[in-house]
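**Student:** If you scroll down you'll find the structure; I have some questions about it.
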Amino acid sequence: MTQFKIVLVTGNVNKKREVETILSEYDSTFMVEMDPTLRKVEIQADDIADIARQAMLEISRIVKPRKDTYIVLEDDGLYIDALGGFPGPYSEYVYRTLGLDGVLKLMNGVENRSATFRAALGVLTPSGKVELVQGSCRGRIAESKRGKGGFGYDPIFIPSGYDITFAEMSIEEKCKISHRAKAFRTLADLIISGVLK
Ligand code: IMP
472 MTQFKIVLVT GNVNKKREVE TILSEYDSTF MVEMDPTLRK VEIQADDIAD
522 IARQAMLEIS RIVKPRKDTY IVLEDDGLYI DALGGFPGPY SEYVYRTLGL
572 DGVLKLMNGV ENRSATFRAA LGVLTPSGKV ELVQGSCRGR IAESKRGKGG
622 FGYDPIFIPS GYDITFAEMS IEEKCKISHR AKAFRTLADL IISGVLK
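The opening position of the sequence shown corresponds to residue 472 in this note's numbering, with each subsequent residue numbered one higher.
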């Protein structure tokens, strides 16, 4: 049976651990590696899909496609309904500047706490094509930070159907339902079925 290699364009070990957990559902079909030497060029855009695609196009100019190897770059965003989708494509910047406390402050007294976490994957395929795969997870913003697991916005994001935040879940539980899980499962199915060559 073919084993496919997934090379992640990230230095975030949390992301690698989650992708490994998600893809372990497919036994040993996928091997996950990280290549922190590949740089994600961040363009300014309103859509994380455009950011992921553009950043992967830049990488495709310098990386030679390899047999059975998929290079994957991820861009994520937390879209809060009551804030018109903010921080969305600015999630990383807002995390570094306002932080979780700042986001909770913006949500002070706001009744509608609905939000969506989105993941956009820019993928360089073995034949050298750049493709896009997406996944999302609906949920709500917690009243306060809860939990020690995960990373980023996990302590303030409660997925739909749950009363606990991503940070209060085990990695296995988060990886059943997260935006990342949906995107990587779609990617895995497209690879296995031979659609993404
Ligand atoms: P990036 O585009 O993957 O860098 O993600 C944008 C922002 O969302 C960063 O601040 C990340 O820490 C955060 N983020 C991405 N994925 C997750 C997640 O699964 N849980 C919580 N925060 C995340």
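For every residue, glycine included, the Cβ atom is placed at its ideal position computed from N, Cα and C.
(1) Whose beta carbon lies closer than 5 Å to any heavy atom of the ligand ATP, going through the chain in order?
(2) Are the beta-carbon atoms belonging to I628 and I612 less than 8 Å from one another?
(3) By Cβ distance, which residues of its chain are closer than 7 Å to I648, with the 5 residues on each side in sequence left out?
(4) I'd like the list of long-range same chain contacts for T636, defined as Cβ closer than 7 Å, with 5 residues on each side in sequence excluded.
(5) Measuring CA to CA, which of P558, D634 and E529 is closest to Y550?
(6) So, is I514 buried or exposed, given that buried needs 16 or more other C-beta atoms within 10 angstroms?
(7) Among V534, S641 and G570, which has the Cα closest to the Cα of R488?
(8) Thinking just about the alpha-carbon of each residue, which of G632, A523 and S495 is nearest to the one in V601?
(9) According to the Cβ coordinates, are E639 and T492 closer than 8 Å?
**Tutor:** Result, derived from the coordinates:
(1) The ligand ATP is not part of the structure shown, which contains the ligand IMP as its ligands.
(2) Position 157 of the sequence shown holds residue 628. Position 141 of the sequence shown holds residue 612. What sits at residue 628 in the sequence shown is Phe, not Ile. Yes. Within cutoff.
(3) Within the sequence shown, numbered from 1, the residue matching residue 648 stands at position 177. Within the same chain, I648 has close Cβ partners C608 and P630.
(4) As a position in the sequence shown, residue 636 is number 165, starting the count at 1. Excluding residues up to 5 positions away in sequence, A613, R617, G618, D625, P626, I627, F628 and I629 lie with their Cβ nearer than 7 Å to the Cβ of T636 in the same chain.
(5) One-based indexing of the sequence shown puts residue 550 at position 79. That would be P558, whose Cα lies nearest to the Cα of Y550.
(6) Here residue 514 is taken as the residue at index 43 of the sequence shown, counted from 1. By the Cβ neighbour-count rule, I514 is exposed, with fewer than 16 other Cβ atoms within 10 Å of its own.
(7) If you number the sequence shown from 1, residue 488 lands on position 17. When C-alpha distances from R488 are compared across V534, S641 and G570, the shortest belongs to S641.
(8) As a first step, residue 601 must be located in the sequence shown, where it is residue number 130. Among G632, A523 and S495, the Cα nearest to that of V601 is on A523.
(9) Looking up residue 639 in the sequence shown gives position 168. Looking up residue 492 in the sequence shown gives position 21. No. Outside cutoff.
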